[in-house]
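Reviewing the structure listed below.
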Amino acid sequence: MLADAHYQLQSLYQPDLEFQECYLYGTSTANQRIEAWWDQLSKGIIFRWRNYFASLRTQGHFSKDNLADQISLYAVYILILREELYNFVRLWNSHSIRKQANRQNAVVGKPFMLYHYPGSHVQNWGIPFNSEQLRTIKEGVGEWEIDAYLPSETLSWCKVGARNWQI
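The sequence shown begins at 1 in the UniProt record's numbering and counts up by one.
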């Protein structure tokens, strides 16, 4: 879905663009920097949670086939996980990208600052988007909230239950 939306928006500026030229599926094993990032994320945060959830499953406290278990897992842990991931990203984006002798065009600085306050030395490669095309894409998706992890009725029920059970 995301790849198709990207292709639709990009093809307005490059009508002869093939989908395969616009979006690549698969791993990025040749990209050492992103692989290093995923490695740091896995070793820094994810492994603890992966081990914890595996222990819940091993001890019989969680089954991926049980809807109530899935809802409970989301209701209890998703906000904690998101906060830890956001903190990791904030920390990562505050490190400095050093000048590299073999990469003359590499942009030097802190990722957060480069993104939010790029300065005149950073070229903006963004392209303006077509509002009508974006509206069409959104209509195809329907009502979708990126931060929603449970249906609103289910989340409300969980919050009431947590208050009643003093969790």
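Here a beta-carbon is modelled for each residue, glycine too, at the ideal position from N, C-alpha and C.
Fill in: Start and end residues, alpha helix (DSSP H) containing residue 154
One-based indexing of the sequence shown puts residue 154 at position 154. Per DSSP, residue 154 belongs to the alpha helix (DSSP H) from 152-164.
Worksheet item: Is residue 108 closer than 7 Å to residue 97 when the C-beta atoms are compared?
Response: Here residue 97 refers to the residue found at position 97 of the sequence shown. Here residue 108 refers to the residue found at position 108 of the sequence shown. Taking 7 Å as the cut-off, the Cβ atoms of residue 97 and residue 108 count as close.
Worksheet item: Where does residue 75 land, buried or exposed, given buried means 16+ other C-beta within 10 angstroms?
Response: The count along the sequence shown starts at 1 and reaches residue 75 at position 75. A residue is called buried when at least 16 other Cβ atoms come within 10 angstroms of its Cβ; residue 75 meets this threshold and is buried.
Practice prompt. Could you tell me whether the Cβ atoms of residue 127 and residue 5 are closer together than 7 Å?
Written response: As a first step, residue 127 must be located in the sequence shown, where it is residue number 127. As a first step, residue 5 must be located in the sequence shown, where it is residue number 5. No, Cβ-Cβ distance for residue 127 and residue 5 is not below 7 Å.
Worksheet item: Does the region 133-150 touch the region 66-80, meaning 3 or more C-beta pairs lie closer than 8 Å?
Response: Taking 8 Å as the limit for Cβ pairs, the verdict is that the region 133-150 does touch the region 66-80.
Discussion item. Short of 8 Å in beta carbon distance, which residues of its chain neighbour residue 35, apart from the five on each side in sequence? Order them along the chain.
Written reply: As a working mapping, residue 35 is identified with position 35 in the sequence shown. Counting only residues of its own chain and dropping the five nearest sequence neighbours on each side, residue 35 has a CB closer than 8 Å to the CB of 28, 29.
Worksheet item: Measuring CB to CB, does residue 129 end up less than 7 Å from residue 9?
Response: As a working mapping, residue 129 is identified with position 129 in the sequence shown. As a working mapping, residue 9 is identified with position 9 in the sequence shown. Residue 129 places its beta carbon less than 7 Å from that of residue 9.
Worksheet entry | First through last residue of the alpha helix (DSSP H) which encompasses residue 111 | One-based indexing of the sequence shown puts residue 111 at position 111. For residue 111, the enclosing alpha helix (DSSP H) starts and ends at 111-116.
Item to complete: For residue 97, name the three-state secondary structure that DSSP assigns.
Response: Within the sequence shown, the letter at position 97 stands for residue 97. Note: residue 97 maps to strand in three-state DSSP.
Fill in: Alpha-carbon spacing of residue 41 relative to residue 14, whole angstroms
Start at 1 with the first residue of the sequence shown, and residue 41 comes out as number 41. Start at 1 with the first residue of the sequence shown, and residue 14 comes out as number 14. For the pair residue 41 and residue 14, the Cα-to-Cα distance works out to about 36 Å.
Discussion item. Can you list, in chain order, the residues of its chain with a C-beta nearer than 6 Å to that of residue 99? Leave out the 5 residues immediately preceding and following it.
Written reply: As a first step, residue 99 must be located in the sequence shown, where it is residue number 99. Result list for residue 99: 108, in chain order.
Item to complete: Indicate the three-state DSSP secondary structure (helix, strand or coil) for residue 89 in the structure shown.
Response: As a working mapping, residue 89 is identified with position 89 in the sequence shown. Residue 89 falls in the helix class under three-state DSSP.
Worksheet item: Which of helix, strand or coil does DSSP assign to residue 129?
Response: Position 129 of the sequence shown, counted from the start, is the residue given in the question as residue 129. If DSSP states are grouped into helix, strand and coil, residue 129 belongs with coil.
Fill in: Residues of its chain near residue 12, where Cβ-Cβ distance is below 7 Å and the 5 sequence neighbours each way are ignored
Your numbering for residue 12 matches position 12 in the sequence shown. The residues are 130, 133.
Practice prompt. Measure the Cβ-Cβ separation of residue 56 and residue 62 and say whether it is below 7 Å.
Written response: For this step, residue 56 is matched to residue 56 along the sequence shown. For this step, residue 62 is matched to residue 62 along the sequence shown. It is a contact, given that the beta carbons lie within the stated cut-off.
Item to complete: Pick out the complete beta strand (DSSP E) segments inside the region 23-65, 3 residues or longer, and give them in chain order.
Response: Runs of the beta strand (DSSP E) inside the region 23-65: none found.
Discussion item. My assumption, with CB atoms under 8 Å, is that residue 95 sits in contact with residue 110. Please give the rounded CB distance.
Written reply: Reading the sequence shown from its first residue, position 95 is the one you call residue 95. Reading the sequence shown from its first residue, position 110 is the one you call residue 110. About 7 Å separates the two Cβ atoms, so the contact holds.
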